[in-house]
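**Q**
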Amino acid sequence: MKKNQILSSKITLATTISGHWYKVGNKYYPSVTQILTAFPQSLQLTKWIADHGWSESQKIKSEAGERGTKVHEGIVALLDKQTLNKDYYSLEEWWKLNTFLYWCRDCKVEIMDKEFLIFSKKYKYAGRVDFRGQVDGKYMIVDFKTSANIYDHYPLQVAAYAQAYKETYPTLGNIDSVAVLLLGSRSKKGYRFDVYN
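Position in the sequence shown (from 1) plus 1439 gives the number in this note's numbering.
(1) With a CB to CB cut of under 7 angstroms and the five nearest residues on each side skipped, what residues in its chain are close to residue 1541?
(2) If you reduce the DSSP assignment to three classes, tell me which class residue 1519 lands in.
(3) Exposed or buried, what is residue 1571 when buried is set at 16 or more other beta-carbons lying within 10 Å of its beta-carbon?
(4) Cα-Cα, which of 1490, 1604 and 1598 is closest to residue 1633?
(5) Where does the unbroken alpha helix (DSSP H) through residue 1565 begin, and where does it stop?
(6) Using the Cα positions of residue 1443 and residue 1449, report the straight-line distance between them to the nearest angstrom.
(7) For residue 1627, report the span of its alpha helix (DSSP H) as first-last.
(8) Using 10 angstroms around the beta-carbon of residue 1585, count the other beta-carbons present and answer buried if the total reaches 16, otherwise exposed.
(9) Locate the alpha helix (DSSP H) running through residue 1475, then write down its first and last residues.
(10) Identify, in the order they occur along the chain, each residue of the same chain with its Cβ nearer than 7 angstroms to the Cβ of residue 1464, setting aside the five sequence neighbours on each side.
(11) For residue 1440, which residues in the same chain have their Cβ closer than 6 angstroms to its Cβ, ignoring the five residues on either side in sequence?
(12) Is there a C-beta anywhere in chain C that falls below 8 angstroms from the one on residue 1601?
(13) Starting from the C-beta of residue 1613, find all residues in its chain whose C-beta is less than 7 angstroms away, skip the five residues before and the five after it, and write them out in chain order.
(14) Under 8 angstroms: do the segment 1478-1498 and the segment 1511-1522 share three or more Cβ pairs, one atom per stretch?
(15) Run the CB neighbour count on residue 1445, radius 10 Å, all protein chains shown included, and call it buried at 16 or more, exposed below.
See below:
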C-alpha cells in the first residue's frame, strides 16, 4: 500500500456535537468549512438574519442544508451511473441535478474521484473533496454548491482543498485549477462555473 493510501485511510469524520471535525490517526483537526466560519459575515447575510430572526433563519438554513445534501447524494449516484427516482426530489432539487448534467455535457467532464478525504499535515486541517477529474481537458478539483450565490470564501475553500490534496495524494498528479460549480443559478445555462488558477 502506498504512503498516501495509508494516510487517507486514517482520516475519518469525527463525531461531535457541533462543528465539523476530522480524526486523523488519534488527533482531531477542523474541517476547511469549520475554519471558514471565521470568515467575516456579509452585510446582506447579517440583514437577512435580522429580518427573519435568529430561530427562523437557522431553521431556513438547516432546511437548505438538507436540500443541498440530497442534491450532493444525487450527484454521487449520477456519477456512479445510477438512475434517480424523480419522485424522491423536490422540483428545485431535480432542477439542480439537471443543471449538473448540463455542466457535464457542456464542459466535457471526465470523473477520476468523488467524495474523498484530504488532510493537510502542514496546516492542520482536513476536508472532503466533491470531485476530481478532467473538465475541458484540465485536471481540476471542483466543489459543488447549491447556495443562492458564489460567496467570497468559496475560492479559499477550494484552494485549501488543493493544498491538502497535494499533501494527501502526492503521487496522483497535479491539479491545473480549482473551481466552484453553483447548481441551479439564474444564468441561462442554469449553472455557474467559476475556475480559479
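Virtual Cβ for every residue (Gly too), placed ideally from N, Cα, C.
**A** Taking the definition as stated:
(1) 1628, 1629 and 1630
(2) Annotated three-state conformation of residue 1519 is coil, per DSSP.
(3) buried
(4) 1598
(5) Unbroken run through residue 1565 is the beta strand (DSSP E), 1564-1574; no alpha helix (DSSP H).
(6) With a pLDDT of only 44 at residue 1443, under the threshold of 50, the placement of this residue in the model should not be trusted, and no figure is reported.
(7) First-last for residue 1627: undefined, no H or E at that position.
(8) buried
(9) Neither: residue 1475 is in no alpha helix (DSSP H) and is coded neither H nor E.
(10) Only 1449 meet the Cβ criterion.
(11) With a pLDDT of 34 at residue 1440, under the threshold of 50, the modelled position of that residue is not reliable, and the figure given next carries that caveat. If we look at residue 1440 and ignore the five residues flanking it on each side, it has no Cβ neighbours.
(12) In the displayed structure, chain C is absent; only one protein chain is listed.
(13) If the five residues before and after residue 1613 are omitted, its C-beta is found closer than 7 angstroms to the C-beta atoms of 1578, all from its own chain and listed in chain order.
(14) no
(15) Below a pLDDT of 50, predicted positions are generally treated as unreliable, and residue 1445, at 41, falls in that range; the measurement from the model is reported next regardless. Exposed: under 16 other Cβ atoms inside 10 Å.
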